[in-house]
Amino acid sequence: MNNKDTSIVVVLLADNYVDHDAPPGFPPGAQGMKDMMEMFFTALPDLKITINQLVAEGDIVVGAMTSAGTQTGDFMGIPPSGKKMSITEMHMVCVADGKAVEHWGAADSMTMMQQIGAMPSE
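So the sequence shown is numbered by my numbering: it starts at 1 and just counts up by one.
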């Protein structure tokens, strides 16, 4: 993801991929993931995702990561702030035949909104 290549979704996601935590307004499946990636890369062109821990057991992979970047583009209707953000995320993916078929995730969105100035920090 750090190379900003959204075409990777075709390689990584199954045709029947389901994102159980996709934001509202994104289409289902791989197209939704591609659209979401493009939105993040436009809003945060220097976005860097660091994998802090990755655990795999059977067909489940769980990752703890840090996402950091500077909001220089529109983010879901929030105008560019020029502010840096850094948040933690947890993701769980079910894999079949080498491709992701299901995803569940949680990100510290409130902290991100505070850091980019979209909501008060207190």
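Backbone N, C-alpha and C fix where the C-beta goes; we use that ideal spot for every residue, glycine too.
Computed from a prediction, not measured in an experiment: that's the story for all the values here.
Helix, strand or coil at residue i [DSSP, three-state]
i    : result
S109 : helix
Own chain, CB closer than 7 Å to residue i, minus 5 neighbours either side, in chain order
i    : result
M113 : M119
F26  : G32, D35, M36
Own chain residues within Cβ distance below 8 Å of residue i, not counting five before or after
i    : result
G82  : T70, Q71, T72
V18  : P28, G29, V101, E102, H103
I116 : Q71, F75, I78, S81, K83, M85
G58  : none
Contacting residues, own chain, Cβ-Cβ under 6 Å from residue i (five flanking each side not counted)
i   : result
M90 : A64, A106
V93 : V61, A100, H103
A22 : G32
A14 : K99, V101
A68 : K48, S86
One or two residues paired with residue i in a DSSP bridge
i   : result
M85 : G69
V95 : A100
I78 : F75
M90 : A64, A106
For residue j and residue i, believed in contact at Cβ under 8 Å, the rounded distance
i   : j    : result
A43 : F75  : 4 Å
I87 : T111 : 5 Å
L3  : I49  : In the sequence on display, residue 3 carries Asn and not Leu. Not really, about 11 Å apart at Cβ, beyond 8 Å.
Which residue spans inside the region 2-75 form an unbroken alpha helix (DSSP H) run of at least 4? The alpha helix (DSSP H) runs lying completely inside the region 2-75 and spanning 4 residues or more are 8-12, 29-43, given in chain order.
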